[in-house]
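**Student:** Numbering-wise, our numbering puts 343 at position 314 of the sequence shown, and it's gapless, one number per residue. Please find one structure pasted underneath; my questions will follow.
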Amino acid sequence: MDLLEALRSLRRLLSADLFPLAIGDVEADRRALTELTGQLDDYLLPRLLTLDAPLLAVVGGSTGAGKSTLVNSLVGADVSEPGVLRPTTLAPTLAVSPDDTAWFMSLEVLPGLPRVTGSSGDPGTLRVVPVPTLAPGLALLDAPDIDSVVTANRTLATQLLAAADLWLFVTTAARYADEVPWSFLRSARERSAALAIILDRVPPDAVDPVSADLRRLLEENGLAGTPLFTVPEAVLLSEDGRLPEGSVEPIVSWLAGLAASSQARADVVRQTLAGALDSLATRVPALATAVERQREGADRLAEIVSSAYSGGMATFDEGMRDGSLLRGEVMARWQDFIGTGDLMRSLESRVGWLRDRVSALFTGRQAPQAKLRVALESGVASLIRGAADGAAERALEGWTAAPGGRDLLERAGALRAAKLGRASSGLDYDDVVRGWQAYVLDLVRQEGASRRTTARVASFGVNGAGLLLMLAVFASTGGLTGIEVGIAGGTSVLSQKVLEAIFGDQAVRTLTAMARDDLRARVKGLLDEEAARFTELLEGVSVSADTAPALLAAERAVRDHQSELPGGERPEALSPEPPLTPEAGSPEPSPRTEAGSPEPPPRTEAASPEPPPRTAPAESPPRTAPVESPPGTAPAEPPPRVAPADDVSGVREGE
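Here you go:
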């Protein structure tokens with residue numbers, strides 16, 4: 030596996046729906062996933078495949094910063110339409126050299142944006158405009174506002190900046206301290222993206238203090254040394270007019286130097302690539318943590334359902350043990366067979382007489398026997414239904430209170446969610462009980478097949494003996510009081526005594542346990558079907574337990590192969606050639622002038638167009654704040670490569 034394949038493996042893992050449940054700050058998690066997959070698709074993978082492709086410089090910034098006017102002025106052509114209405118840029122416009130048109134019209138870069146040509150483009154497309162005055166090697170993209178009122182525009186602006194080799198971040202004297210731009214600048218710092226800042230629309234008398242304050246903020250936020258260009262405020266002759274050539278000449282020369290130098294372009298690409306790869310070490314583990322949170326949330330929802338229906342089973346078991354089933358209709362039907370007084374007087378000494386009497390009752394009075402069986406069937410069915418209703422109610426309440434549960438229920442629809450709170454109306458509980466009764470009768474037939482018990486079973490009949498066995502299953506009298514205890518207890522004991530007389534005490538215990546276990550198994554199967562109404566909602570949203578570890582392993586693989594990045598060791602400081610920064614407040618500096626030109630870092634390879642002579646340049650150690658310069662000149666600055674640093678408070682909110 031090489032670096033490219035390691036990134037592809039990571040990208041495949043990110044293709045799944047990793048955040049289906051509304052757990053935690055899921056919207057932020059989904060945005061992070063979208064941004065990462067977008068950067069892989071739009072930048073890392075295509076750029077690794079074609080390291081020598083032209084640079085993509087994205088011009089981004091806040092609303093009203095003058096980006097479109099600036100782009101038109103930089104390329105010397107009306108490629109982007111400025112205006113006073115917001116948002117101005119509906120479709121991003123890419124100004125390219127005619128020699129680079131084929132590359133940018135292909136889907137190797139920004140593959141998710143359809144290409145269009147012509148005077149305008151629809152939202153969601155990328156408008157490509159060849160500009161004869163642009164030198165090959167670098168293209169300028171006018172991006173939508175990062176703080177646009179249109180959500181899609183903000184999302185697209187973020188996507189385009191993540192796909193850039195070089196950020197040209199535009200702000201103004203009125204908005205340079207707003208928080209929204211600084212959130213993007215911190216992102217550039219954290220990802221070590223190649224960055225230059227253009228301070229636009231600066232009143233001439235405010236150039237020095239505003240530039241100084243912006244440099245202070247850059248230093249406090251870990252961006253010391255970032256190239257800073259100042260564009261003084263100018264009166265345009267028309268709404269679509271361009272800035273004076275002198276105002277933008279330093280930027281034009283700086284960009285032209287980048288386009289002309291293959292080494293400078295390679296340095297920018299390596300800096301941004303390496304920074305993007307470095308960022309995976311924090312972004313992927315953060316996603317893996319969020320994915321694990323999703324898995325735990327889905328497991329918790331499943332546990333709620335399992336616990337609720339386990340409770341339903343416990344409710345049914347208690348109903349079998351406490352003797353409550355033998356009250357009401359079942360007790361009344363039993364009394365139809367045997368008078369209460371005779372029953373209680375005969376339990377201890379006249380079991381044989383009672384057996385004979387019960388035998389007569391079962392063989393001679395079919396209607397009371399049938400009524401008792403129906404009453405027992407109805408009582409057991411009601412017990413099952415009550416257990417199922419209670420379990421459904423508890424499961425619904427648990428999901429409503431649990432993270433992710435309410436969202437799942439809302440997606441299921443109000444009608445379906447309401448039905449989940451009760452047992453299914455279509456379930457035939459009586460059919461479950463009848464199946465159990467048939468099983469009990471089969472047990473009696475099988476046990477009565479031996480020669481010793483055949484005659485005894487025949488004296489009562491299979492149905493009669495089977496009915497006694499069913500009553501014996503509900504043997505306890507817990508929960509009953511007063512006369513009910515005596516009657517229900519007598520019913521159970523009588524059933525037990527008669528059955529022992531027929532089959533023997535050991536056989537009766539075995540038969541009773543088998544009958545009870547079969548009924549429990551049937552009820553559990555029914556409750557499992559009921560629980561499936563909830564768990565099937567989880568089938569499409571559960572995250573595999575292997576996903577988070579796989580993401581971490583994929584990130585480690587990328588890190589292990591990052592040394593394969595072409596170009597050798599990443600330089601400590603990268604500066605596009607020629608590294609010019611205009612003098613603060615100088616509206617018309619000539620290209621590559623002495624004032625404001627930061628000293629390029631030492632190179633081991635031949636550098637392209639040599640910068641003009643300089644006087645005793647201030648030497649800046651790598652990744653440090655700029656060296657102070659005398660008033661009236663821009664400080665000598667290291668190039669845009671900066672070391673990540675913690676955010677420093679002190680950024681002013683928008684004024």
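By construction, the Cβ of each residue, glycine as well, lies at the ideal position given by its N, Cα and C atoms. Predicted model, so just to flag it, every value in this text is computed and none were measured.
Might you give, ordered along the chain, the residues of its own chain that have their beta carbon closer than 6 angstroms to the beta carbon of residue 645, omitting 5 neighbours on each side?
**Tutor:** Residue placement at residue 645 cannot be trusted, given a pLDDT of 39 that sits under 50; what the coordinates show is reported in the next sentence. Result list for residue 645: empty, nothing under 6 angstroms.
**Student:** Could you tell me which uninterrupted alpha helix (DSSP H) segments, each at least 4 residues in length, are contained entirely in the stretch 55-139, listed from first to last along the chain?
**Tutor:** 55-68, 74-78, 96-104, 130-134
**Student:** According to DSSP, is residue 227 part of a helix, a strand, or is it coil?
**Tutor:** In the structure shown, residue 227 sits in a strand (DSSP, three-state: E or B).
**Student:** State the Cα-Cα distance for the pair residue 124 and residue 225, rounded to the nearest angstrom.
**Tutor:** 18 angstroms
**Student:** Give me the Cα-Cα distance between residue 318 and residue 577, rounded to the nearest whole angstrom.
**Tutor:** 7 angstroms
**Student:** Classify residue 315 as buried or exposed, calling it buried when 16 or more other Cβ atoms lie within 10 Å of its own Cβ.
**Tutor:** exposed
**Student:** Take residue 455 as the anchor and find which of 192, 292, 417 has the nearest alpha-carbon.
**Tutor:** Among 192, 292, 417, the Cα nearest to that of residue 455 is on 417.
**Student:** Pick helix, strand or coil for residue 552, following the three-state DSSP scheme.
**Tutor:** helix
**Student:** Using 10 angstroms around the beta-carbon of residue 460, count the other beta-carbons present and answer buried if the total reaches 16, otherwise exposed.
**Tutor:** exposed
**Student:** Which residue wins for smallest C-alpha separation from residue 176, given the options 536, 152, 227, 89?
**Tutor:** 89
**Student:** Whole angstroms is fine: what's the gap from residue 498's alpha carbon to residue 338's?
**Tutor:** 28 angstroms
**Student:** If you draw a straight line from the C-alpha of residue 205 to the C-alpha of residue 228, how long is it?
**Tutor:** 8 angstroms
**Student:** Distance, Cα to Cα, residue 238 vs residue 188?
**Tutor:** 33 angstroms
**Student:** Would a C-beta distance cut-off of 7 angstroms place residue 96 and residue 171 closer than the cut-off?
**Tutor:** Residue 171 is positioned such that its CB atom lies closer than 7 angstroms to that of residue 96.
**Student:** Give the straight-line distance between the Cα atoms of residue 341 and residue 351, rounded to the nearest whole angstrom.
**Tutor:** Spanning the two alpha carbons is a distance of roughly 15 angstroms.
**Student:** Just to confirm my understanding: we take residue 446, look at its own chain, exclude 5 residues before and 5 after, and list those with CB closer than 6 angstroms. What are they?
**Tutor:** 438
**Student:** With a threshold of 16 other CB atoms inside 10 Å of the CB of residue 566, please say whether the residue is buried or exposed.
**Tutor:** buried
**Student:** Would you check if the stretch 51-70 and the stretch 573-593 touch, i.e. whether three or more CB-CB distances between them fall below 8 angstroms?
**Tutor:** no
**Student:** What first and last residue would you give for the beta strand (DSSP E) that runs through residue 201?
**Tutor:** Residue 201: member of the beta strand (DSSP E) spanning 195-201, first to last residue.
**Student:** Please report the straight-line C-alpha distance between residue 235 and residue 57, rounded to a whole angstrom.
**Tutor:** 39 angstroms
**Student:** Write down the C-beta distance between residue 297 and residue 306 rounded to the nearest angstrom, noting that I regard them as a contact closer than 8 angstroms.
**Tutor:** Rounded, the Cβ-Cβ distance is 15 angstroms, inconsistent with contact.
**Student:** Quick check: the Cα distance between residue 568 and residue 433, rounded to an integer number of angstroms?
**Tutor:** 14 angstroms
**Student:** Using only alpha-carbon positions, find the residue among 327, 457, 453 that is nearest to residue 436.
**Tutor:** 327
**Student:** Could you tell me which of 244, 544, 105, 348 sits nearest to residue 471, measuring between CA atoms?
**Tutor:** Nearest to residue 471 by C-alpha distance, out of 244, 544, 105, 348, is 544.
**Student:** Could you round the C-beta distance between residue 83 and residue 140 to whole angstroms and report it? I think they count as a contact, below 8 angstroms.
**Tutor:** No, residue 83 and residue 140 are not in contact; Cβ-Cβ is about 16 angstroms, not under 8 angstroms.
**Student:** Have a look at the DSSP bridge pairing and note the partners of residue 258.
**Tutor:** 227
**Student:** Is DSSP giving residue 173 helix, strand or coil here?
**Tutor:** coil
**Student:** Would you kindly work out how many angstroms separate the C-alpha atoms of residue 251 and residue 197, rounded to a whole number?
**Tutor:** Distance between the alpha carbons of residue 251 and residue 197: 17 angstroms.
**Student:** Assuming contact is defined by CB atoms lying nearer than 7 angstroms, are residue 302 and residue 102 in contact in what I supplied?
**Tutor:** no
**Student:** Do residue 539 and residue 501 come within 7 angstroms of each other at the CB atom, strictly closer than that value?
**Tutor:** No, they are not a contact pair.
**Student:** For residue 178 and residue 210, I'd like the C-alpha separation in whole angstroms.
**Tutor:** 15 angstroms
**Student:** Do residue 98 and residue 111 have their beta-carbon atoms positioned less than 7 angstroms apart in this structure?
**Tutor:** yes
**Student:** Is the distance from the Cβ of residue 232 to the Cβ of residue 278 below 7 angstroms?
**Tutor:** no
**Student:** Is DSSP giving residue 613 helix, strand or coil here?
**Tutor:** Here the model assigns residue 613 a pLDDT of 38, short of 50, so the residue's position is not dependable, and the following value carries that caveat. If DSSP states are grouped into helix, strand and coil, residue 613 belongs with coil.
**Student:** Just verifying my parser: in three-state terms, what is the DSSP assignment at residue 167?
**Tutor:** The answer is strand: DSSP assigns residue 167 an E or B state.
**Student:** I believe residue 42 touches residue 574 by the beta-carbon criterion, under 8 angstroms. Please report the beta-carbon distance rounded to the nearest angstrom.
**Tutor:** Actually they do not touch by this definition, with Cβ atoms about 14 angstroms apart.
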